[in-house]
Amino acid sequence: MKILVTGTAGFIGSYIALRLMERGDEVVGLDNINDYYDVKLKQGRLEKAGIQTDELAWYKFVQSKKHPNYRFIRMNLEDKQAIQMLFANEKFDRVCHLAAQAGVRYSIDNPYAYIQSNIDGFLNILEACRWNKVEHLVYASSSSIYGLNGKVPFSEKDGVAHPVSLYAATKKSNELMAHSYSQLYNLPTTGLRFFTVYGPWGRPDMSPFLFADAILNDQPIKVFNNGDMLRDFTYIDDIVEGVIRCIDKAPLPFMEWDAKMPDPGSSTAPYRIYNIGNSSPVKLMDFILAIESACGKTAVKNYFPMQPGDVYQTNADTSALERDMGYKPSKNLFEGIKETVEWFKEYYKQ
Numbered sequence: 444m445k446i447l448v449t450g451t452a453g454f455i456g457s458y459i460a461l462r463l464m465e466r467g468d469e470v471v472g473l474d475n476i477n478d479y480y481d482v483k484l485k486q487g488r489l490e491k492a493g494i495q496t497d498e499l500a501w502y503k504f505v506q507s508k509k510h511p512n513y514r515f516i517r518m519n520l521e522d523k524q525a526i527q528m529l530f531a532n533e534k535f536d537r538v539c540h541l542a543a544q545a546g547v548r549y550s551i552d553n554p555y556a557y558i559q560s561n562i563d564g565f566l567n568i569l570e571a572c573r574w575n576k577v578e579h580l581v582y583a584s585s586s587s588i589y590g591l592n593g594k595v596p597f598s599e600k601d602g603v604a605h606p607v608s609l610y611a612a613t614k615k616s617n618e619l620m621a622h623s624y625s626q627l628y629n630l631p632t633t634g635l636r637f638f639t640v641y642g643p644w645g646r647p648d649m650s651p652f653l654f655a656d657a658i659l660n661d662q663p664i665k666v667f668n669n670g671d672m673l674r675d676f677t678y679i680d681d682i683v684e685g686v687i688r689c690i691d692k693a694p695l696p697f698m699e700w701d702a703k704m705p706d707p708g709s710s711t712a713p714y715r716i717y718n719i720g721n722s723s724p725v726k727l728m729d730f731i732l733a734i735e736s737a738c739g740k741t742a743v744k745n746y747f748p749m750q751p752g753d754v755y756q757t758n759a760d761t762s763a764l765e766r767d768m769g770y771k772p773s774k775n776l777f778e779g780i781k782e783t784v785e786w787f788k789e790y791y792k793q
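When you number the sequence shown by my numbering, it's gap-free, plus one each residue, and the end is 793.
Written out as structure tokens, the structure reads:
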């Protein structure tokens with residue numbers, strides 16, 4: 444297949460693109476390489492896939508030196524004309540849309556960036572898929588949309604009308620927008636609600652890297668809600684396997700869908716929503732213990748109250764993904780954290 448993967452300078456996107464090209468698909472990667480976090484890390488991910496970053500320029504394809512079936516282009520999602528031209532020229536079979544403005548806390552400081560990328564940009568992707576007969580659009584949603592929902596584990600069948608951050612609100616908006624296009628234009632769409640993903644080449648604004656960096660440099664770590672939090676952590680290799688299986692299996696209309704008792708995760712349109720996580724939430728203090736063990740040091744901990752936009756726990760009900768895709772994560776937390784910290788020490792020369 445010919446597949447567009449957006450966000451390929453990002454954490455998950457870089458792994459997805461690599462897996463697809465290794466199995467023989469023709470892959471086009473897209474990213475704007477913004478400075479939300481360290482650009483050198485994003486460039487490093489691209490270089491790992493054979494993209495010479497000194498050749499990067501806006502709207503110019505760069506051919507991978509390692510993979511003849513991989514090209515990369517630097518482009519903004521909100522550039523409507525450029526996105527339309529890209530789709531018209533390339534004729535993608537499927538699209539894996541992972542590019543977005545990420546981060547819960549940053550959405551409090553810079554809300555407009557989220558509307559531009561996550562709303563305007565997503566609309567451009569939907570329109571391009573519609574007009575160019577894309578077979579299947581897989582896109583990134585987020586576990587953050589569960590917001591004030593206190594029922595656990597979080598299920599796709601639950602209502603999610605109470606987000607606690609603008610980031611979460613934009614991701615829920617993506618799901619609603621996707622459904623309208625699935626309904627109106629018969630465009631198969633699959634939304635993936637990612638729970639906390641970690642591993643080598645991960646984001647430096649996420650807790651595994653923040654904690655590892657502080658512990659290795661004898662700096663205190665910030666422990667929010669006095670350590671009383673739970674997170675559903677999933678290793679990157681497990682996430683990649685789940686995403687690839689979703690790309691390969693476009694949803695069909697669910698003819699048993701009941702309009703009187705509507706299931707938010709499915710539809711009579713070719714539309715699905717899946718949680719993609721580990722379904723085994725970990726106490727924050729146990730997570731810190733795993734990082735301490737991998738670093739060989741005990742953390743100095745400073746305790747703080749819950750931060751605005753944060754939720755007490757994330758806990759994924761992944762039964763739908765297991766049923767439909769045969770997907771179940773297998774990586775042990777301590778093993779995954781050990782591999783992550785080993786990469787971190789090598790990359791940052793700690």
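Glycine included, each C-beta is placed from N, C-alpha and C at the ideal position.
Check your understanding: Under a three-way DSSP split, which group does Lys726 fall into?
Key -> Within the sequence shown, numbered from 1, the residue matching residue 726 stands at position 283. In this structure, Lys726 counts as strand in the three-state DSSP scheme.
**Study point:** Inter-residue Cα distance where the pair is Cys572 and Gln524
**Key:** In the sequence shown, counting from the first residue as 1, residue 572 sits at position 129. In the sequence shown, counting from the first residue as 1, residue 524 sits at position 81. Each residue's alpha carbon lies about 14 Å from the other.
Practice item. Taking all protein chains shown into account, decide if Gly739 is buried (16 or more other Cβ within 10 angstroms of its Cβ) or exposed. Key: Residue 739 sits at position 296 when you count from the first residue of the sequence shown. Counting Cβ neighbours within 10 Å, Gly739 comes out exposed, since fewer than 16 surround it.
Practice item. Quick one: using the 10 Å Cβ neighbour count with 16 as the cut-off for buried, is Tyr749 buried or exposed? Key: Indexing the sequence shown from 1 puts residue 749 at position 306. For clarity, residue 749 is Met in the given sequence; the question names Tyr instead. Met749 comes out exposed.
Check your understanding: Span of the alpha helix (DSSP H) holding Asn617?
Key -> For the purposes of this step, residue 617 is taken as the residue at position 174 of the sequence shown. Residues Leu609 to Tyr628.
Review point. DSSP state of Lys503, grouped into three classes?
Key: The residue given as residue 503 occupies position 60 in the sequence shown. Coil.
Practice item. Tell me whether Arg646 sits in a helix, a strand or coil according to DSSP, three-state version. Key: Start at 1 with the first residue of the sequence shown, and residue 646 comes out as number 203. Three-state DSSP puts Arg646 in coil, outside helix and strand.
Exercise for review: Spatial neighbours of Lys703 within its chain, please: CB distance less than 7 Å, with the 5 preceding and 5 following residues excluded, ordered by chain position.
Suggested key: The residue given as residue 703 occupies position 260 in the sequence shown. Here the set comprises nothing.
Check your understanding: Ile690 to Leu580, Cα distance in whole Å?
Key -> The count along the sequence shown starts at 1 and reaches residue 690 at position 247. The count along the sequence shown starts at 1 and reaches residue 580 at position 137. The straight-line gap from Cα to Cα measures roughly 8 Å.
**Study point:** Runs of alpha helix (DSSP H) wholly within the segment 480-555 (minimum 4 residues, chain order)
**Key:** 482-491, 523-533 and 549-552
Check your understanding: Can you pull the DSSP bridge partners for Arg715?
Key -> In the sequence shown, counting from the first residue as 1, residue 715 sits at position 272. Answer is Thr633, bridged to Arg715.
Practice item. Output the distance between the C-alpha atoms of Leu659 and Thr757, rounded to the nearest integer angstrom. Key: Looking up residue 659 in the sequence shown gives position 216. Looking up residue 757 in the sequence shown gives position 314. Cα-Cα distance, rounded: 27 Å.
Review point. Cβ atoms of Arg646 and Tyr770: under 8 Å apart, would you say?
Key: As a first step, residue 770 is located in the sequence shown; it is residue number 327 there, counting from the start. As a first step, residue 646 is located in the sequence shown; it is residue number 203 there, counting from the start. No. Outside cutoff.
Review point. Anyone know if the C-beta pair for Tyr557 and Val754 falls short of 8 Å?
Key: Locating residue 557 in the sequence shown gives position 114, where the first residue counts as 1. Locating residue 754 in the sequence shown gives position 311, where the first residue counts as 1. Cβ atoms of Tyr557 and Val754: not closer than 8 Å.
Check your understanding: What beta strand (DSSP E) runs, 3 residues minimum, are completely inside the segment 569-593?
Key -> 579-585
Exercise for review: Find out if the Cβ-Cβ distance for the pair Asn667, Phe747 is shorter than 8 Å.
Suggested key: What you label residue 667 is simply residue 224 of the sequence shown in a count that begins at 1. What you label residue 747 is simply residue 304 of the sequence shown in a count that begins at 1. Correcting the residue identity first, residue 667 is Phe in this sequence and not Asn. Yes; because the gap between Cβ atoms is below 8 Å, this pair is in contact.
Point to revise | Ala500 versus Arg517 - alpha carbon distance | key: The sequence position of residue 500 within the sequence shown is 57, counting from 1. The sequence position of residue 517 within the sequence shown is 74, counting from 1. Cα to Cα, the separation comes out at about 7 Å.
Check your understanding: Given a threshold of 16 other Cβ atoms within 10 Å of its Cβ, counted over all protein chains shown, does Lys420 qualify as buried or as exposed?
Key -> Outside the shown range of the chain, which is 444 to 793, sits residue 420, and nothing can be said about it.
Review point. By Cβ distance, which residues of its chain are closer than 7 Å to Ser508, with the 5 residues on each side in sequence left out?
Key: As a position in the sequence shown, residue 508 is number 65, starting the count at 1. Going by the sequence as given, residue 508 is Lys instead of Ser. Once the five neighbours on either side are set aside, the close Cβ partners of Lys508 are Gly493 and Gln495.
Check your understanding: According to the Cβ coordinates, are Leu461 and Ala542 closer than 8 Å?
Key -> Start at 1 with the first residue of the sequence shown, and residue 461 comes out as number 18. Start at 1 with the first residue of the sequence shown, and residue 542 comes out as number 99. Their beta carbons are not under 8 Å apart, which means Leu461 does not touch Ala542 by this criterion.
Exercise for review: Assign Phe697 to one of three DSSP states: helix, strand, or coil.
Suggested key: Along the sequence shown, read from residue 1 onward, the residue named residue 697 stands at position 254. If DSSP states are grouped into helix, strand and coil, Phe697 belongs with coil.
Exercise for review: Could you check what DSSP says for Asn668 in three-state terms: helix, strand or coil?
Suggested key: Residue numbering aside, residue 668 sits at position 225 when the sequence shown is read from its first letter. Three-state DSSP puts Asn668 in a helix.
Practice item. Out of Phe637, Thr633, Ser598 and Phe787, point me to the one whose CA is closest to Asp681's CA. Key: Position 238 of the sequence shown, counted from the start, is the residue given in the question as residue 681. Residue Phe637 is the option with its Cα nearest to Asp681.
Check your understanding: Hey, how far is the Cα of Glu785 from the Cα of Gln793?
Key -> The residue labelled residue 785 in the question sits at position 342 within the sequence shown. The residue labelled residue 793 in the question sits at position 350 within the sequence shown. Whole-angstrom Cα-Cα distance: 10 Å.
Practice item. Rounded to whole angstroms, what's the CA-CA distance from Pro511 to Tyr641? Just pull it up for me. Key: Position 68 of the sequence shown, counted from the start, is the residue given in the question as residue 511. Position 198 of the sequence shown, counted from the start, is the residue given in the question as residue 641. Each residue's alpha carbon lies about 29 Å from the other.
Point to revise | Limits of the unbroken alpha helix (DSSP H) element including Lys600 | key: Residue numbering aside, residue 600 sits at position 157 when the sequence shown is read from its first letter. Careful: Lys600 lies outside any alpha helix (DSSP H) and carries neither H nor E.
Point to revise | Beta-carbon separation (whole angstroms), Asn519 vs Asn475, contact threshold 8 Å | key: Here residue 519 corresponds to residue number 76 of the sequence shown, with the count starting at 1. Here residue 475 corresponds to residue number 32 of the sequence shown, with the count starting at 1. Going by Cβ atoms, the distance from Asn519 to Asn475 rounds to 5 Å, so yes, they are a contact pair.
Practice item. Can you tell me the Cβ-Cβ gap for Tyr610 and Ser587, rounded? I've got them flagged as a contact below 8 Å. Key: To locate residue 610, count along the sequence shown from 1; it is residue 167. To locate residue 587, count along the sequence shown from 1; it is residue 144. The pair is a contact, with the Cβ atoms about 6 Å apart (cut-off 8 Å).
Practice item. Starting from the Cα of Tyr624, find the closest Cα among Phe654, Thr711, Leu653 and Ser550 and give me that residue. Key: Here residue 624 is taken as the residue at index 181 of the sequence shown, counted from 1. Selected option, being the one with the closest Cα: Thr711.
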